[in-house]
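K.L.:
In the working numbering, the protein residues as written are 4 to 715. Got a structure here, written out as structure tokens. Questions coming.
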Ligand code: C2E
Ligand code: CA
Ligand code: CA
């Protein structure tokens, strides 16, 4: 089968044959055309050249001996216009004429054939010349392309031999490329040891797998400021690799920035939750490994939540809140000594402080000897945060509650230890905030208890397990009943009676307080109205309002409906709020309180003296009554400090024109002390415990000097 000359061409090749012997010419024409060539002939050089110019053949077959100018002259003539690659010329010489053969090559012949011609071989020989010529042309083209590529390559290229000889083949300066430079030297003399070893490793690997490229990224050992290179190793001979260098500084810097972003909190620059968890996971491996050693390692996780951050954020704005968080972050980081830190292998920043939520921070103490070490760090944090932070003219104090979990005993994985430290943090909050607390396993059972309470409350609400009791408020001078406070009671069929101090916080957390609170309002209003209807003098009923209810946008709507349904006079209602209500969101709180006031409701500030209130801002709120907290009242008997405090509170309330009531009065001498200072209103076991509605009615009638008509 006929093999095409060129894979892409099946078309016939054109040969111009020049010879003065017409018989040979005819034989050549016949042989070639029979073999698939097209052949044109000329009897002398002049005609031959004309044919070549007109037809642009693929090959010229040229006899040395011609009439007129000989074949050598014609060949030189051809070469003036076409190169060997453009147009191969095969010369016909007589056998054994070595001088002619030599001459033929000198004038630019591609090959020669000797006469007499071997006709069968002729087409094969010509096809071979054509093919060789095309292959050569293609090779030349490729070399040219490669050379331009080299010359245009923006980065340096070296060769490196298996023996470690380095040669620069291209400097990276455009157009400057030279494959025949002298070697630069041995690699271990040119590069620092560690890099030379790495480079030789890559060289060997590239030589072992010639089809594959090996990459080596390294920091520039000769530059001050960080610069990074990538070396690509690829075999270019049996014992030699090309090493192409590329400046990857920009990419590296970018990578580092992305890694930083993935691991850090944008606001504070501290670690984020992700970095914290992965660091903890690594720490656990480390701890587990040391467990069998004579000195097993221990670590601690501190979980820190800011107590009153939400209030600051809401009242002073998020921008200021952000600044505050930054300052807090800086202070917390500042208390850690280098030995407290867990340095990460791939990150020499070394922080082990993370911000894992709005105002939640975590610290890892990767090596502690005793729990006291963790307590010491927690104390240092409490100390640094005690100093007010001044921001835009405000002096702000943010106190933290800190939970501490020890590793490995309080958790052997990141989730568990975080959860337990979080529980300990909640316990610190419950214990009064601004303190630290170690985790102990009973905290998890406390959590289960919480769930039980929540379930029980939902059930209790639907099945009438809640009641309201009433505690009288008395004029200590006359014993007259001035009012009563409604206090919620819960009798669970299984758990028995549960104290409000236990269930109210859970109700607040779950939002159940909204429904419970509405129930108390309804019962309280109904009860005070029923007392009046029985003919007793109207008294106010005080209802406790939780700060969570205060945040309920429908609060006023609910309240007005309760009043309307009960048919009671709103002037019979007193609402007690604690200072925490005022801290939540002051503008809205003031507006809501104002609205209550417009309805005729009396407003009392409960547990006064225990909160954060600076007495100076009291005048901003429309309170009518200050309830002096029972803790003051109960310590009146002994501590002289609380005596003077109570005295000051009473004096201040009076100067603000507010009514005062003391709660938790249990003993006559307490009552006397208060009376002496002008505080006449009192509530406490001395006068009466909280009572069921029925008991209260009897109590009231008795006080009025009459028998309870219902008991007649
Ligand atoms: P509170 O508002 O300060 O209520 C006064 C608490 O002091 C009541 O406890 C009352 O029984 C108790 N108490 C009264 N006199 C004395 C006394 O002389 N000595 C002593 N040691 N205690 C006295 P209670 O009923 O256990 O309520 C505890 C807290 O639960 C209340 O404190 C209040 O904050 C909350 N609470 C109770 N009922 C409700 C309610 O309906 N709604 C809301 N939001 N909170 C409620
Ligand atoms: Ca109260
Ligand atoms: Ca109180």
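Note that the Cβ used here is the ideal one computed from N, Cα and C, for glycine as well.
Can you look up residue 637 in the DSSP assignment and give me helix, strand or coil?
P.N.:
Helix, per DSSP.
K.L.:
Would you list, in sequence order, the uninterrupted alpha helix (DSSP H) runs of no fewer than 4 residues that lie entirely inside the region 477-563?
P.N.:
Segments of the alpha helix (DSSP H) lying fully in the region 477-563: 503-513, 515-536 and 550-553.
K.L.:
Helix, strand or coil: how does DSSP classify residue 624 here?
P.N.:
Residue 624: coil per DSSP, three-state reduction.
K.L.:
Less than 8 Å between the C-beta atoms of residue 378 and residue 439, yes or no?
P.N.:
In contact: residue 378 and residue 439 (Cβ atoms closer than 8 Å).
K.L.:
With distances taken from CA atoms, which of 264, 420 and 463 is nearest residue 284?
P.N.:
Here the closest residue by C-alpha is 420.
K.L.:
I'd like to know if the region 622-640 and the region 592-603 are in contact, where contact means that at least 3 CB-CB pairs between them fall below 8 Å.
P.N.:
Touching, yes, given that three or more Cβ pairs across the two stretches are closer than 8 Å.
K.L.:
Using CA coordinates, which residue listed in 604, 547 and 584 is at the minimum distance from residue 573?
P.N.:
Considering only alpha carbons, the answer is 604.
K.L.:
Go ahead and pull the three-state DSSP assignment for residue 643.
P.N.:
Three-state DSSP puts residue 643 in a helix.
K.L.:
If distances are taken between C-alpha atoms only, which option among 387, 437, 528 and 23 comes closest to residue 568?
P.N.:
Residue 568 has its Cα closest to that of 528, out of 387, 437, 528 and 23.
K.L.:
Given 8 Å as the limit, is there contact between the region 238-246 and the region 272-286, that is, 3 or more CB pairs closer than that?
P.N.:
These segments do not touch.
K.L.:
Ignoring anything shorter than 4 residues, give me the alpha helix (DSSP H) runs that lie fully in the region 68-130, in order along the chain.
P.N.:
DSSP runs (the alpha helix (DSSP H)) wholly in the region 68-130: 74-84 and 101-109.
K.L.:
Using alpha carbons as the reference points, say which of 579, 658 and 652 lies closest to residue 520.
P.N.:
The option with the nearest alpha carbon to residue 520 is 579.
K.L.:
Using the beta-carbon count (16 or more within 10 Å), is residue 205 buried or exposed?
P.N.:
It is buried - the Cβ of residue 205 has at least 16 other Cβ atoms within 10 Å.
K.L.:
Are the beta-carbon atoms belonging to residue 405 and residue 381 less than 8 Å from one another?
P.N.:
Against a cut-off of 8 Å, the Cβ pair of residue 381 and residue 405 comes out as a contact.
K.L.:
Just to confirm, are residue 493 and residue 463 a CB contact at a threshold of 8 Å?
P.N.:
Contact: yes.
K.L.:
Between which two residues does the alpha helix (DSSP H) holding residue 26 run?
P.N.:
Taken as a continuous stretch (DSSP letters only), the alpha helix (DSSP H) holding residue 26 covers 25-37.
K.L.:
So, for residue 551: in the same chain, excluding its five sequence neighbours on each side, which residues have a beta-carbon less than 6 Å away from its beta-carbon?
P.N.:
Cβ within range, chain order: 511 and 516.
K.L.:
If we count the other Cβ atoms within 10 Å of its Cβ and call it buried at 16 or more, is residue 345 buried or exposed?
P.N.:
At residue 345, the pLDDT of 40 sits below 50, so the modelled position is not reliable; the number obtained from the coordinates is stated separately. Its Cβ being crowded by 16 or more others within 10 Å, residue 345 is buried.
K.L.:
Please confirm whether any heavy atom of ligand 2 lies closer than 7 Å to the CB of residue 311.
P.N.:
No, the Cβ of residue 311 stays beyond 7 Å of every heavy atom of ligand 2.
K.L.:
Residue 489: which of 601, 472 and 358 sits nearest, CA to CA?
P.N.:
With distances taken between Cα atoms, residue 489 lies closest to 472.
K.L.:
For residue 697, I'd like the list of residues in its chain whose CB is within less than 7 Å of its CB, leaving aside the five on either flank, ordered along the chain.
P.N.:
Taken in chain order, the list of residues that qualify is empty.
K.L.:
Take residue 664 as the anchor and find which of 656, 115 and 432 has the nearest alpha-carbon.
P.N.:
Comparing Cα-Cα distances from residue 664 to each of 656, 115 and 432, the minimum goes to 656.
K.L.:
Would you say the beta carbon of residue 577 is closer than 7 Å to some non-hydrogen atom of ligand 2?
P.N.:
No, ligand 2 has no heavy atom inside 7 Å of this Cβ.
K.L.:
Please confirm whether any heavy atom of ligand 1 lies closer than 7 Å to the CB of residue 686.
P.N.:
Correct: residue 686 has its Cβ closer than 7 Å to ligand 1.
K.L.:
Where residue 70 and residue 20 are concerned, what is the direct C-alpha to C-alpha distance, given to the nearest angstrom?
P.N.:
Whole-angstrom Cα-Cα distance: 14 Å.
K.L.:
Taking the Cβ atom as the reference point for each residue, do residue 270 and residue 329 lie within a distance shorter than 8 Å?
P.N.:
Closer than 8 Å, so yes.
K.L.:
What do you reckon, is the C-beta of residue 474 under 7 Å from a heavy atom of ligand 1?
P.N.:
Flag set: Cβ of residue 474 near ligand 1.
K.L.:
Below 7 Å, is the gap between the Cβ of residue 502 and the nearest heavy atom of ligand 1?
P.N.:
Yes - ligand 1 has a heavy atom lying nearer than 7 Å to the Cβ of residue 502.
K.L.:
What's the C-alpha gap between residue 371 and residue 155?
P.N.:
Between residue 371 and residue 155, the C-alpha separation is close to 59 Å.
K.L.:
Any idea if residue 197 is buried or exposed, counting beta-carbon neighbours within 10 angstroms, 16 or more meaning buried?
P.N.:
Classification of residue 197: exposed, given that the 10 Å Cβ count is below 16.
K.L.:
Taking DSSP's pairing of strands, which residues face residue 21 in a bridge?
P.N.:
Paired residue(s): 45 and 65.
K.L.:
Can you give the beta carbon distance from residue 403 to residue 309, rounded, assuming they're within the 8 Å contact cut?
P.N.:
Indeed they touch by this definition, with Cβ atoms about 6 Å apart.
K.L.:
Looking at the structure shown, is residue 326 part of a helix, part of a strand, or coil, going by DSSP?
P.N.:
Helix at residue 326.
K.L.:
If you measure from the CB of residue 609, is any heavy atom of ligand 2 nearer than 7 Å?
P.N.:
Checking the Cβ of residue 609 against ligand 2 gives yes.
K.L.:
Extract the residue ranges of the beta strand (DSSP E) inside the region 220-274, only unbroken runs of 3 or more that lie entirely within it.
P.N.:
The region 220-274 contains these whole beta strand (DSSP E) runs: 231-240 and 243-250.
K.L.:
Hey, would you say the C-beta of residue 516 is under 7 Å away from at least one heavy atom of ligand 1?
P.N.:
Yes, Cβ of residue 516 sits closer than 7 Å to a heavy atom of ligand 1.
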